[in-house]
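Only one structure is covered here, and it is reproduced in the block below.
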Amino acid sequence: MDRTAQLTALRTAADIAYDPPPDADGPHVRAARVLAENWTGASTVPARSLYPHQWSWDSAFIAIGLRHVSPLRAQTELETLLGAQWGDGRIPHIVFNPSVPLDAYFPSPDFWRSSTAGRAAGAPRTVQTSGIVQPPVHALAAWLVHRADPGLSRARGFLTRVYPRLAAWHRYLLHRRDLGGGGLASVVHPWEQGMDNSPAWDAPLSRVTPAPARTFRRADLDHGSPEDRPTDLDYGRYVRLAAGYRDGGYADGGGEFAVEDPAFNALLIASEQALARIARELGATGTARWARAERLTAALIERTWDPVRGMFLCRDVRGGGLIPERCVSGLIPLLLPTLPRDIAARLVRTAHGPHFGLGTTTRLAPSYDLLGEAFDPHRYWRGPAWFNTGWLLERGLRVHGEHERAGALRTALLDLAVASDFAEYVDPYTGAACGATGFGWTAALTLDLLHDGAGGPDAAAGVGELEDVRELKGVKGGDRR
Ligand code: 9WN
Numbered sequence: 002m003d004r005t006a007q008l009t010a011l012r013t014a015a016d017i018a019y020d021p022p023p024d025a026d027g028p029h030v031r032a033a034r035v036l037a038e039n040w041t042g043a044s045t046v047p048a049r050s051l052y053p054h055q056w057s058w059d060s061a062f063i064a065i066g067l068r069h070v071s072p073l074r075a076q077t078e079l080e081t082l083l084g085a086q087w088g089d090g091r092i093p094h095i096v097f098n099p100s101v102p103l104d105a106y107f108p109s110p111d112f113w114r115s116s117t118a119g120r121a122a123g124a125p126r127t128v129q130t131s132g133i134v135q136p137p138v139h140a141l142a143a144w145l146v147h148r149a150d151p152g153l154s155r156a157r158g159f160l161t162r163v164y165p166r167l168a169a170w171h172r173y174l175l176h177r178r179d180l181g182g183g184g185l186a187s188v189v190h191p192w193e194q195g196m197d198n199s200p201a202w203d204a205p206l207s208r209v210t211p212a213p214a215r216t217f218r219r220a221d222l223d224h225g226s227p228e229d230r231p232t233d234l235d236y237g238r239y240v241r242l243a244a245g246y247r248d249g250g251y252a253d254g255g256g257e258f259a260v261e262d263p264a265f266n267a268l269l270i271a272s273e274q275a276l277a278r279i280a281r282e283l284g285a286t287g288t289a290r291w292a293r294a295e296r297l298t299a300a301l302i303e304r305t306w307d308p309v310r311g312m313f314l315c316r317d318v319r320g321g322g323l324i325p326e327r328c329v330s331g332l333i334p335l336l337l338p339t340l341p342r343d344i345a346a347r348l349v350r351t352a353h354g355p356h357f358g359l360g361t362t363t364r365l366a367p368s369y370d371l372l373g374e375a376f377d378p379h380r381y382w383r384g385p386a387w388f389n390t391g392w393l394l395e396r397g398l399r400v401h402g403e404h405e406r407a408g409a410l411r412t413a414l415l416d417l418a419v420a421s422d423f424a425e426y427v428d429p430y431t432g433a434a435c436g437a438t439g440f441g442w443t444a445a446l447t448l449d450l451l452h453d454g455a456g457g458p459d460a461a462a463g464v465g466e467l468e469d470v471r472e473l474k475g476v477k478g479g480d481r482r
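To convert a position in the sequence shown, counted from 1, into the numbering used here, add 1.
Set out below in structure tokens:
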């Protein structure tokens, strides 16, 4: 048996030993059990009934938690997703499981028709995928997964194999998706940003003629309560936009909807910083990537920072201008350790102020402004609190030295994740579970927080570490802004 096979065998054995006993009831074991139940053999579904395929940013968050249970499974999760990458570099938002019936999820592979409609864009022939993307959390996840077990990662050549794919992914976003011409990536569908029915999309979506309801059948309502899900009108518009993109061969640049979102771009920056670290691990300097991340950060501030509201906003590239809605995506850039101090301090104040109520009226930040007209505590991304955004904010507070606030948020995330049976999202006031339970990223990020202990000095390692920044900047006396 060669070295790789030995290591792999070893890890497989460790996985089995790690499998939670059926009667164990601690949060760690319960979270690991959710990930075991959602594991399909090569990847993890977000939720067995509502989302029975592999989703892009879910897999990245899931890998971040899974690395504590099984670094091998975490690597495999990302490798499976990257195996469905298109020739133009895009990572599809869904990789379909061919053994799941077509009517289990809408839109299904026969809607997207990736291998035919996406041929010119280099869609894979053997695996069916959607044709849109999701936030680029992947390089960050790959770096964190590597750090969980560098020996296994090196033995399997994990970073060597994923690096070119991640680089192509970022190239796609930076070159094909700079639709506003200001250096940031645009999303061309609300599903791409991942916060599907956020009130930020109401204005740009109002220009889209909805597809008639009789032309499609929503499978989500077989499993989820209609009050917790997007409306039929939203779906009509989602379908129209996706069908138009597909019918244009998934070529970029011509669509009706194009928005620069602060969370999507902040995650791209964090992932570009992770790619710099990966490049350095592989023997390069990483300085060009670090410099690109700095340019992106400057563009993010220039194009989406609103000093009056004290947070980042979405920019409507087709309608021209900032969208005046306070959404949690506008707080996510706090994740960046390189954010100027005054902006980070404002974001912390905004998160803890009346619009998000963190630590006062809410324990987890709502997805949308508590005082906004469109606020609804149960409807998906129009108010409920989600665990991935909570995790990103917790990291952000920690990297900016707000340890007490980060600690309170960490405790709230853990309490509510466990009490809600790892819900997809919760009412931000009551913590009542909404959507699916046994949700993949809720369980995975719970594991990640549990593994940080009480948030010691290494708690945000890999996300916010600054010790190597001077080298990555390629300067001798580099300093933090
Ligand atoms: C559409 C899988 C995904 C998440 C998204 C979330 C939801 C899908 C849906 O579920 O979107 O992609 O059917 O509503 O909004 O963030 O990735 O968990």
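Cβ atoms here follow ideal geometry from the backbone N, Cα and C, with glycine treated the same way. All values reported here derive from a predicted model rather than from experimental measurement.
Taking Cβ positions, are residue i and residue j nearer each other than 9 Å?
i, j, result
"Gly331", "Leu410", "no"
"Gly287", "Leu473", "yes"
"Pro136", "Ala85", "no"
"His54", "Phe97", "yes"
"Tyr430", "Thr362", "yes"
"Ala142", "Leu79", "yes"
"Pro28", "Ala424", "no"
"Leu371", "Gly384", "yes"
"Leu337", "Ala444", "no"
"Asp59", "Thr41", "no"
"Asn198", "Arg380", "yes"
"Leu145", "Ile65", "yes"
"Asp229", "Tyr106", "no"
"Phe440", "Ala48", "yes"
Whole angstroms are fine: how far does the CA of residue j sit from the CA of residue i?
i, j, result
"Gly90", "Val427", "34 Å"
"Ala244", "Leu153", "42 Å"
"Gly432", "Gly158", "42 Å"
"Pro325", "His176", "27 Å"
"Trp382", "Arg120", "33 Å"
"Val30", "Leu36", "10 Å"
"Val163", "Ala275", "12 Å"
"Pro458", "Val400", "Model confidence at Pro458 stands at a pLDDT of 41, short of 50, so the residue's coordinates are unreliable and nothing is read from them."
"Thr483", "Pro355", "In the structure displayed, the chain extends from 2 to 482; residue 483 sits before or after that span and is not available."
"Pro367", "Ala156", "42 Å"
"Arg68", "Pro213", "44 Å"
"Trp387", "Pro191", "17 Å"
"Pro231", "Arg218", "14 Å"
"Ser207", "Gly436", "26 Å"
"Pro165", "Gly373", "43 Å"
Pick helix, strand or coil for residue i, following the three-state DSSP scheme.
i, result
"Glu261", "strand"
"Trp58", "helix"
"Tyr221", "Per the sequence shown, residue 221 should be read as Asp rather than Tyr. DSSP places Asp221 in helix when its eight states are reduced to three."
"Leu180", "coil"
"Phe313", "strand"
"Leu269", "helix"
"Ala48", "strand"
"Val209", "coil"
"Leu359", "strand"
"Leu372", "coil"
"Tyr106", "coil"
"Ile324", "strand"
"Ser116", "helix"
"Trp442", "helix"
"Thr431", "coil"
"Asp377", "coil"
Please return the same chain residues whose Cβ sits closer than 7 Å to the Cβ of residue i, not counting the five positions on each side in sequence.
i, result
"Asp262", "Val188, Gln194, Cys315 and Ser330"
"Val209", "Arg238, Arg241, Leu242, Glu257 and Phe258"
"Gly320", "Ala204 and Pro205"
"Arg172", "Gly90"
"Arg293", "Glu273"
"Leu167", "His139, Ala140, Ala143 and Leu276"
"Ala186", "Leu174, Leu175, Arg178, Asp179, Phe265, Asn266 and Leu269"
"Gly358", "Leu371"
Could one say the Cβ of residue i lies closer than 9 Å to chain C's Cβ atoms, at least one of them?
i, result
"Leu340", "As a matter of chain content, chain C is missing from the structure shown, which is built from one protein chain."
With a threshold of 8 Å on Cβ separation, who are the neighbours of residue i within its own chain once the five nearest residues in sequence on each side are excluded?
i, result
"Leu323", "Thr305, Asp307, Leu314, Cys315, Arg316 and Asp317"
"Thr161", "Leu283"
"Val349", "Leu335, Leu398, His401, Glu403 and Arg406"
For residue i, which residues of its own chain have a beta-carbon under 6 Å away from its beta-carbon, when the five flanking residues on both sides are left out?
i, result
"Trp113", "Ser131 and Gly132"
"Ala201", "Cys315, Ile324, Glu326 and Cys328"
"Arg364", "Ala413"
"Trp392", "Leu446"
"His224", "Ser50 and Leu51"
"Ser115", "Ala124, Gln129, Thr130 and Gly132"
"Val101", "Pro53"
"Trp170", "Gly90 and Ile92"
"Ala61", "Val138, His139 and Ala142"
Which residues, in chain order, sit with a beta-carbon under 5 Å away from any heavy atom of the ligand FMN?
Here the bound small molecules are the ligand 9WN; the ligand FMN is not part of this structure.
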